[in-house]
Amino acid sequence: MANKRPGVAGRGNKATTRQTRVPVAQQDKLKYDQREGFARRVVNDVDDGQNVKMYEAAGWTKVTAPNQDLREDSGGESQMGTEVRRSVGGGRSAVLMEIPEKLFKADQKLKQDNIDKNERGLVRNKKDGIDEDSGAYGEVTIKR
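Numbering follows numbering that gives the first Met the number 0, in which position 136 of the sequence shown is assigned residue number 135; successive positions increment by one, without gaps.
Now the structure itself:
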């Protein structure tokens, strides 16, 4: 768990050993090592497994313990040969899933293309063929 450091006892200044404090914010139990060539995501297992099934239909697969390099301080019991799961509170659990990076990037591009299309609908001006009689006026600029 934590490193030990020498300390000072109460009376007599007898040296003791105590554990180094590790703030809760640094104990991210949902953080996992990335696997080269894959994108990973922790997916909440809700709606009787429908959320996980949706990810599986999109090409994501559950990560099993032999493929997972758990961080030393991630806690939890041995999950040898089973899917990597963690409790996320409220009686829910989450499953570690992964997808080949090529498919992940293609999905992200589709999502960004949709965002760009929606933003183009917000930003119109005369060069886009909008005349002043259309009721459109003003200017909006989006910078990235």
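Beta carbons are placed, not taken as given, at the ideal position from N, Cα and C, and that holds for glycine.
Beta-ladder partner(s) of residue i, from DSSP
{"i": "F103", "result": "F103 is not bridged to any residue."}
{"i": "T63", "result": "E82"}
{"i": "L95", "result": "V41"}
{"i": "G88", "result": "R91"}
C-alpha distance - residue i paired with residue j, whole-angstrom precision
{"i": "K108", "j": "L102", "result": "10 angstroms"}
{"i": "P22", "j": "K116", "result": "43 angstroms"}
{"i": "Q26", "j": "L121", "result": "42 angstroms"}
{"i": "V62", "j": "A38", "result": "11 angstroms"}
{"i": "T16", "j": "G89", "result": "37 angstroms"}
{"i": "Q67", "j": "D32", "result": "With a pLDDT of only 48 at Q67, under the threshold of 50, the placement of this residue in the model should not be trusted, and no figure is reported."}
{"i": "I111", "j": "V45", "result": "For the sequence presented, residue 111 should be read as Gln rather than Ile. Approximately 26 angstroms, taken between the alpha carbons."}
{"i": "V42", "j": "N50", "result": "8 angstroms"}
{"i": "R119", "j": "G36", "result": "33 angstroms"}
{"i": "K104", "j": "K142", "result": "22 angstroms"}
{"i": "V83", "j": "N113", "result": "32 angstroms"}
{"i": "T19", "j": "T140", "result": "51 angstroms"}
{"i": "A64", "j": "T81", "result": "6 angstroms"}
{"i": "G146", "j": "A24", "result": "With the chain covering 0 to 143 only, the question about residue 146 has no answer from this structure."}
{"i": "W59", "j": "R34", "result": "14 angstroms"}
{"i": "V87", "j": "R40", "result": "14 angstroms"}
Cβ distance (whole Å) where residue i is taken to contact residue j below 8 angstroms
{"i": "K28", "j": "R91", "result": "The pair is not a contact, with the Cβ atoms about 14 angstroms apart (cut-off 8 angstroms)."}
Touch check for the region 91-108 and the region 45-62: three-plus C-beta pairs under 8 angstroms?
-> Touching, yes.
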